[in-house]
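Asks: In the order they appear, the protein sequences are chains A and B.
Each residue of the first sequence is one higher than the one before, starting from 23 at the first, in my numbering.
Each residue of the second sequence is one higher than the one before, starting from 18 at the first, in my numbering.
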Amino acid sequence: MVGLVLALVGIAMMVAAALRLRDYNGSGLVATIVGAVLVVGSLYPLVPAFKAFAGDRKRSRLLREDQLVPARRAAAAAREEAQIAMGYAAAAVIVAGLLLMAFANGGGVAETFFTKSAWDASFNEMIHAFWTNIWVACVSQVLVLIVGLLLAIMRMLPGRAGAPLRLIALVYCDIFRAIPAIVTILLIVFGTPLAFPTTANWPPEWLGIVSLTMTYSAYVAEVYRAGLSSIHPSQSAAARSLGLSYTQTLRTVLVPQAVRRVIPPLLNDFISLQKDTALLSTASIAEVVLVSKLWESNLFNLSPITLAAAFFIVITIPQARFVDYLIERDAARRGAH
Amino acid sequence: MAFLEIDEVHKSYGHHEVLKGVSLNVERHEVVCLIGASGSGKSTLLRCVNALEEIQGGEIRIDGDTVTGAGVDLNALRRDVGIVFQSYNLFPHMSVLENVMLAPIRVAGVAKGEARERAMTLLASVGMQDYAKSYPDRLSGGQQQRVAIVRALAMQPRVMLLDEITAALDPELVGDVLEIVRELANGGLTMLLATHEMGFAKEVASQVCFLDNGSILERGTAEQIFEQPREERTQQFLSRVVKSGRL
Numbered sequence: 023m024v025g026l027v028l029a030l031v032g033i034a035m036m037v038a039a040a041l042r043l044r045d046y047n048g049s050g051l052v053a054t055i056v057g058a059v060l061v062v063g064s065l066y067p068l069v070p071a072f073k074a075f076a077g078d079r080k081r082s083r084l085l086r087e088d089q090l091v092p093a094r095r096a097a098a099a100a101r102e103e104a105q106i107a108m109g110y111a112a113a114a115v116i117v118a119g120l121l122l123m124a125f126a127n128g129g130g131v132a133e134t135f136f137t138k139s140a141w142d143a144s145f146n147e148m149i150h151a152f153w154t155n156i157w158v159a160c161v162s163q164v165l166v167l168i169v170g171l172l173l174a175i176m177r178m179l180p181g182r183a184g185a186p187l188r189l190i191a192l193v194y195c196d197i198f199r200a201i202p203a204i205v206t207i208l209l210i211v212f213g214t215p216l217a218f219p220t221t222a223n224w225p226p227e228w229l230g231i232v233s234l235t236m237t238y239s240a241y242v243a244e245v246y247r248a249g250l251s252s253i254h255p256s257q258s259a260a261a262r263s264l265g266l267s268y269t270q271t272l273r274t275v276l277v278p279q280a281v282r283r284v285i286p287p288l289l290n291d292f293i294s295l296q297k298d299t300a301l302l303s304t305a306s307i308a309e310v311v312l313v314s315k316l317w318e319s320n321l322f323n324l325s326p327i328t329l330a331a332a333f334f335i336v337i338t339i340p341q342a343r344f345v346d347y348l349i350e351r352d353a354a355r356r357g358a359h
Numbered sequence: 018m019a020f021l022e023i024d025e026v027h028k029s030y031g032h033h034e035v036l037k038g039v040s041l042n043v044e045r046h047e048v049v050c051l052i053g054a055s056g057s058g059k060s061t062l063l064r065c066v067n068a069l070e071e072i073q074g075g076e077i078r079i080d081g082d083t084v085t086g087a088g089v090d091l092n093a094l095r096r097d098v099g100i101v102f103q104s105y106n107l108f109p110h111m112s113v114l115e116n117v118m119l120a121p122i123r124v125a126g127v128a129k130g131e132a133r134e135r136a137m138t139l140l141a142s143v144g145m146q147d148y149a150k151s152y153p154d155r156l157s158g159g160q161q162q163r164v165a166i167v168r169a170l171a172m173q174p175r176v177m178l179l180d181e182i183t184a185a186l187d188p189e190l191v192g193d194v195l196e197i198v199r200e201l202a203n204g205g206l207t208m209l210l211a212t213h214e215m216g217f218a219k220e221v222a223s224q225v226c227f228l229d230n231g232s233i234l235e236r237g238t239a240e241q242i243f244e245q246p247r248e249e250r251t252q253q254f255l256s257r258v259v260k261s262g263r264l
């Protein structure tokens with residue numbers, strides 16, 4: 023029953039959305055076809071809904087004939103169909119709702135965020151600025167890998183001799199995970215040239231890289247540490263029993279295994295580092311968000327910022343999918359054991 | 018003076034005393050078997066000899082040289098003392114050959130080519146030469162354990178410690194591994210092994226020690242221990258082993 027109502031609501035909303043889409047596009051052929059396809063698609067939940075009702079009638083008939091087991095099976099099949107109907111109808115409602123929102127206020131929303139002329143005007147400068155985000159992210163990632171590993175190893179140094187270094191690493195990680203990245207960026211990018219006048223001629227991107235590295239190596243150190251401590255102590259025992267020293271054990275047995283295990287969480291941190299290059303806009307570094315804001319105030323239209331969002335989406339989604347693939351592959355491998 | 022002397026060794030984890038003054042001498046070319054229930058301290062004793070566990074009292078000497086306490090070069094000691102674990106503990110990110118070559122190259126400073134040659138000879142001696150390039154997760158438990166034995170042998174240790182090396186194996190794989198140990202014993206390698214394979218202990222051991230609750234309750238030749246155990250606890254243990262069909 024709920025499935026049927028939801029399906030009808032979905033169809034109504036989709037029809038409304040399709041009409042708006044057609045109107046906005048000046049009754050263009052493509053928009054009309056897309057709208058028609060969407061409406062037809064939204065009819066689909068009716069199929070399982072009617073199957074569910076048919077199933078229910080079948081169940082009542084079987085019950086009257088005292089056929090308990092077939093009746094139970096018919097009821098189960100009907101329930102399954104009803105759930106399918108609800109699932110597809112809910113999806114139709116959500117898609118239609120999003121479309122309605124996009125064309126709300128007589129196309130005002132679409133115009134604010136998705137104006138093609140604003141994209142055309144800003145695209146060249148934007149893609150050029152986005153290159154800054156990419157190389158800053160790449161250089162930072164390499165540095166983060168190194169500094170993070172050093173911090174992780176410092177935090178795991180054994181004995182009393184290692185205690186002071188352990189403490190330093192611990193304090194560093196705590197502080198830089200506590201300070202918002204944007205604050206570190208402001209302090210480093212604006213503060214360094216004042217404190218060391220010789221650095222005033224450095225490109226600000228360098229200082230941006232330094233501040234991102236400082237922030238993210240604290241996170242990555244934790245990831246490495248989790249990876250190192252997830253290696254079973256028997257591995258260390260086996261290596262030490264062969265006569266390998268602590269450092270040799272770390273380098274040849276523990277770190278190689280730990281790095282393999284932490285690649286997926288590491289890539290997750292890298293994805294968020296890439297996005298945080300946008301924060302460099304607050305430090306007047308000409309990366310894509312700063313440029314898009316300039317265009318935004320120029321054109322009095324938010325479409326350039328949407329374009330910046332699209333750039334990030336284009337480079338991030340493949341990586342996110344790749345991380346998921348790695349996680350699944352590892353899970354499959356572990357399952358095979 | 019015996020080759021390996023374990024003298025009044027005490028070991029505790031916190032307040033829990035696991036070894037309560039264990040003394041044991043192992044002569045050169047001798048094979049000593051430790052038997053006893055789980056938790057009696059067999060594995061702990063072996064790990065102490067290899068300094069994987071720190072001891073709280075007593076002394077361990079190898080060839081007259083004290084190897085416990087402060088100032089001992091543990092890495093040098095471990096070059097002389099090989100250990101094989103119940104759960105193999107091969108390095109999963111290295112091939113079989115790399116597992117065997119690691120310590121000779123890194124610790125003993127053997128040249129790569131020579132290390133490879135020696136590793137291949139050793140692998141061939143346990144029938145694993147065809148798996149040199151395989152990774153441990155592709156091998157059966159018995160194959161992994163054979164590689165683990167070879168990995169320890171590659172350092173040419175003067176005494177081998179075997180810690181219940183067949184306990185984790187499927188029954189039909191036990192024979193191959195024991196055959197290798199038998200050959201090593203016949204070759205005159207000094208060995209101290211903890212085992213649940215009583216039949217095997219009977220066959221290879223020159224001395225059998227029954228550990229109970231952290232101390233050696235009874236020791237003697239295999240015949241003495243298995244045929245005429247004096248202590249009541251030994252008798253109980255052995256009769257239970259007989260009932261379970263392991264002797």
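Glycine is no exception: its CB is placed at the ideal position from the N, C-alpha and C atoms.
Quick one: which chain B residues come within Cβ less than 7 Å of A:R282?
Replies: On the first sequence, residue 282 of chain A is found 260 positions in, with the first residue counted as 1. Correct list: H110.
Asks: Against chain A, does B:N230 count as a neighbour if the rule is that its beta carbon must be under 9 Å from one of theirs?
Replies: To locate residue 230 of chain B, count along the second sequence from 1; it is residue 213. Output row for B:N230: interface = no.
Asks: Mark A:D346 as exposed unless 16 or more other C-beta atoms lie within 10 angstroms of its C-beta, in which case mark it buried.
Replies: By 1-based counting over the first sequence, the position of residue 346 of chain A is 324. Classification of A:D346: exposed, given that the 10 Å Cβ count is below 16.
Asks: Classify B:M208 as helix, strand or coil using the three-state DSSP reduction.
Replies: Locating residue 208 of chain B in the second sequence gives position 191, where the first residue counts as 1. Three-state result, B:M208: strand.
Asks: Could you spell out the range, first to last residue, of the alpha helix (DSSP H) harbouring B:D97?
Replies: What you label residue 97 of chain B is simply residue 80 of the second sequence in a count that begins at 1. Element bounds for B:D97: 91–97.
Asks: Do you know how far the Cα of B:R155 is from the Cα of A:A120?
Replies: Along the first sequence, read from residue 1 onward, the residue named residue 120 of chain A stands at position 98. Along the second sequence, read from residue 1 onward, the residue named residue 155 of chain B stands at position 138. Sequence check: residue 120 of chain A is Leu here, not Ala. Straight-line Cα distance between these residues: approximately 51 Å.
Asks: Shortest alpha-carbon distance to A:T154 belongs to which of A:D298, A:N323, A:P326?
Replies: Within the first sequence, residue 154 of chain A is the residue found at index 132, counting from 1. It is A:D298.
Asks: If we define contact as Cβ-Cβ less than 9 Å, is A:V27 a contact residue for chain B?
Replies: Within the first sequence, numbered from 1, the residue matching residue 27 of chain A stands at position 5. Chain B, which has no Cβ nearer than 9 Å to the Cβ of A:V27, makes this no.
Asks: Would A:R262 count as contacting chain B if we go by Cβ distances under 9 Å?
Replies: Counting from 1 along the first sequence, the entry for residue 262 of chain A is found at position 240. By this cut-off, A:R262 is an interface position.
Asks: Between the region 304–321 of chain A and the region 142–149 of chain B, can you find at least three pairs of beta-carbon atoms closer than 8 Å?
Replies: As far as the Cβ criterion goes, the region 142–149 of chain B does not touch the region 304–321 of chain A, which means the pair count is below three.
Asks: What is the residue span of the alpha helix (DSSP H) that B:K28 lies within?
Replies: Counting from one through the second sequence, the residue named residue 28 of chain B turns up at place 11. No alpha helix (DSSP H) contains B:K28, which is instead part of the beta strand (DSSP E) from 21–30.
Asks: Nearest-angstrom Cα distance between B:R250 and B:R236?
Replies: Walking along the second sequence from the start, residue 250 of chain B turns up at place 233. Walking along the second sequence from the start, residue 236 of chain B turns up at place 219. Distance between the alpha carbons of B:R250 and B:R236: 13 Å.
Asks: Count Cβ pairs between the region 170–183 of chain A and the region 203–222 of chain A that sit closer than 8 Å; are there 3 or more?
Replies: Output reads no: the region 203–222 of chain A does not touch the region 170–183 of chain A.
Asks: For the structure I just gave you, are there three or more beta carbon pairs, one from the region 107–119 of chain A and one from the region 51–66 of chain A, closer than 8 Å?
Replies: Output reads yes: the region 51–66 of chain A touches the region 107–119 of chain A.
Asks: Can you name the residues that DSSP bridges to B:I233?
Replies: Counting from 1 along the second sequence, the entry for residue 233 of chain B is found at position 216. B:I233 is bridged to B:L228.
Asks: Suppose you measure from the CA of A:A183 to the CA of A:G230; what does that come to, to the nearest Å?
Replies: As a working mapping, residue 183 of chain A is identified with position 161 in the first sequence. As a working mapping, residue 230 of chain A is identified with position 208 in the first sequence. Using only the alpha carbons, I get a separation of about 35 Å.
Asks: By the DSSP assignment, the beta strand (DSSP E) with B:L178 in it spans what residues?
Replies: For this step, residue 178 of chain B is matched to residue 161 along the second sequence. Segment 176–180, the beta strand (DSSP E) holding B:L178.
Asks: Kindly indicate which three-state DSSP category A:L85 falls into: helix, strand or coil?
Replies: Here residue 85 of chain A refers to the residue found at position 63 when the first sequence is read from its first residue. In this structure, A:L85 counts as helix in the three-state DSSP scheme.
Asks: In the DSSP assignment, find the unbroken alpha helix (DSSP H) run with A:H150 in it and report its ends.
Replies: By 1-based counting over the first sequence, the position of residue 150 of chain A is 128. From DSSP, the alpha helix (DSSP H) with A:H150 extends over 138–177.
Asks: Output the residue ranges of the alpha helix (DSSP H) runs that lie fully inside the region 100–186 of chain B and measure 4 residues or longer, sorted by chain position.
Replies: Counting only runs of 4 or more, we get 113–123, 129–142, 158–170.
Asks: B:V101 and B:A184: beta carbons closer than 9 Å?
Replies: Translated into the one-based positions of the second sequence, residue 101 of chain B becomes position 84. Translated into the one-based positions of the second sequence, residue 184 of chain B becomes position 167. Not closer than 9 Å, so no.
Asks: For A:E318 and A:S144, I'd like the C-alpha separation in whole angstroms.
Replies: Residue 318 of chain A sits at position 296 when you count from the first residue of the first sequence. Residue 144 of chain A sits at position 122 when you count from the first residue of the first sequence. Near 9 Å, if we compare the C-alpha coordinates of A:S144 and A:E318.
Asks: Which residues in chain A sit within 9 Å of B:L102, going by Cβ to Cβ distance?
Replies: As a first step, residue 102 of chain B is located in the second sequence; it is residue number 85 there, counting from the start. Correcting the residue identity first, residue 102 of chain B is Phe in this sequence and not Leu. Those are S256, A259, A260, S263, listed as they occur along chain A.
Asks: Could you check whether the region 192–200 of chain B touches the region 20–35 of chain B, counting it as contact only if at least three pairs of C-beta atoms, one from each stretch, sit closer than 8 Å?
Replies: Contact between the region 192–200 of chain B and the region 20–35 of chain B is absent, because fewer than three Cβ pairs lie under 8 Å.
Asks: Under 8 Å Cβ-Cβ, which residues of chain B neighbour A:S303?
Replies: In the first sequence, counting from the first residue as 1, residue 303 of chain A sits at position 281. In chain order: nothing, as chain B lies at least about 42 Å away.
Asks: Within the region 245–273 of chain A, note down every full alpha helix (DSSP H) run reaching 4 residues or more, in order along the chain.
Replies: Segments of the alpha helix (DSSP H) lying fully in the region 245–273 of chain A: 255–263, 268–271.
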